[in-house]
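Taking the working numbering, I'd label the letters of the sequence shown as residues 771 to 1048.
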Amino acid sequence: KELCDFPSARVPSPTRAMRVALLPTLACATIDLKRVHLVDQIGSNLLFRGNMPTNKTDFAIDDLKSFMQQRATESGVQFPSDYRLVDITLNNVFDYDHHELDFWKKAPASFGELVKWPMGFDGIVSPHDLNDAARKKICTSGIVAVDDLVNKTANLFQWMSTPAAKPTVYYVHCSAGCDRTGEFVAAYRIFHGDFHAGRPEPTTVRNISEIYAEDVAECGRPPNYFSTTALKWLCFCHSYTGMTFSAGAQVSAPICEHFASCKTFGDCTPVEEDVVVV
């Protein structure tokens, strides 16, 4: 069984669960077309999500390019023949892939670069069963600042919006392409939208069920407890500062907690399962 898709239900304790979340990823070493998807297009710049872009022996640059080309074509988007690649890894010191690191040590700057944005630490404590006062206090203490999704997604959106001499292709990933990647891409869509849904205004209502459903559809399973819990905190904390969220009809209040049902340190399930993803 691939460690990056380790079934959380088999994890017997919180301590073990946290170790599993932070252990090096020994498998999922092969990039998977099913996990690669086009997220956004601004001008000639493109943003993709996926899993670790390596195989058992190397950084899988040929497969990565082929998969991105295929997904762009499927979306009716032209993939550039000449571009600069920015590889954004959400992995951390516990689970970097040395094939990826070794590739970028040798690659010329004109070809691209590796950006390290380690994530995976916002979602350990659940907002479940806390009252609003307690949640607001925790938001004020800066729980969502750990993964720093506001600044990271803002930086990426600015990069995407900046024309360059040749197009830039951004590939954001973790190991499985589901959990930290799902958390990051959902946050990007909450703050900045995408080329399908358009760009949100300050008064735009964000449908958290639809955004979560996109994560499920693109990965093939929901983000794990840690990443889903991080999204719950993101939803709560920004709802307290004026952002408005909605959810599917089956989701009870507070929707920032109930858009997904998670076992503690276990698997998650979207509460609204009939959301149509365009």
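Where is the CB? At the ideal position from N, CA and C, for every residue including glycine.
Contact the stretch 878-890 vs the stretch 840-857: 3+ CB pairs below 8 Å: yes
Bridge-paired residues (DSSP) for Ser1022: Note: Ser1022 sits in no beta bridge, so no partner.
Cβ-Cβ separation, Ser1016 to Glu953 (assumed contact under 8 Å), whole Å: That pair is no contact at about 20 Å.
Euclidean distance between Cα positions of Asp917 and Gln840: Straight-line Cα distance between these residues: approximately 31 Å.
CA-to-CA distance, Tyr940 to Asn815, given in whole angstroms: 8 Å
Contact between the stretch 860-873 and the stretch 904-911 (3+ Cβ pairs under 8 Å): no
Every unbroken alpha helix (DSSP H) inside the stretch 943-1007 [4 residues or more]: 950-962, 978-989
Length of the line joining the Cα atoms of Ala924 and Phe961: Spanning the two alpha carbons is a distance of roughly 8 Å.
Alpha-carbon spacing of Cys989 relative to Ala983, whole angstroms: One C-alpha to the other measures close to 10 Å.
Exposed unless 16 or more other CB atoms sit within 10 angstroms - verdict on Pro933: When all chains shown are included, Pro933 counts as exposed.
Close beta carbons around Pro823, own chain, < 8 Å, minus the five adjacent residues each side: Ile801, Phe829, Ala830, Ile831, Asp833, Leu834, Asp857, Glu870, Tyr941, His943
Helix, strand or coil at Asn921 according to DSSP, with G and I counted as helix: helix
Pairwise C-alpha distance: Ser945 and Thr795: Below a pLDDT of 50, predicted positions are generally treated as unreliable, and Thr795, at 39, falls in that range; no measurement from the model is reported.
Cβ neighbour criterion (16 or more within 10 Å) applied to Ala903: exposed
Coil, strand or helix - Val806 by DSSP: In the structure shown, Val806 adopts coil according to DSSP, grouped into three states.
DSSP state of Ile908 mapped onto helix, strand, coil: helix
Of the listed residues Asn977, Phe1035, Ser1009, nearest to Val1021 (C-alpha basis): Asn977
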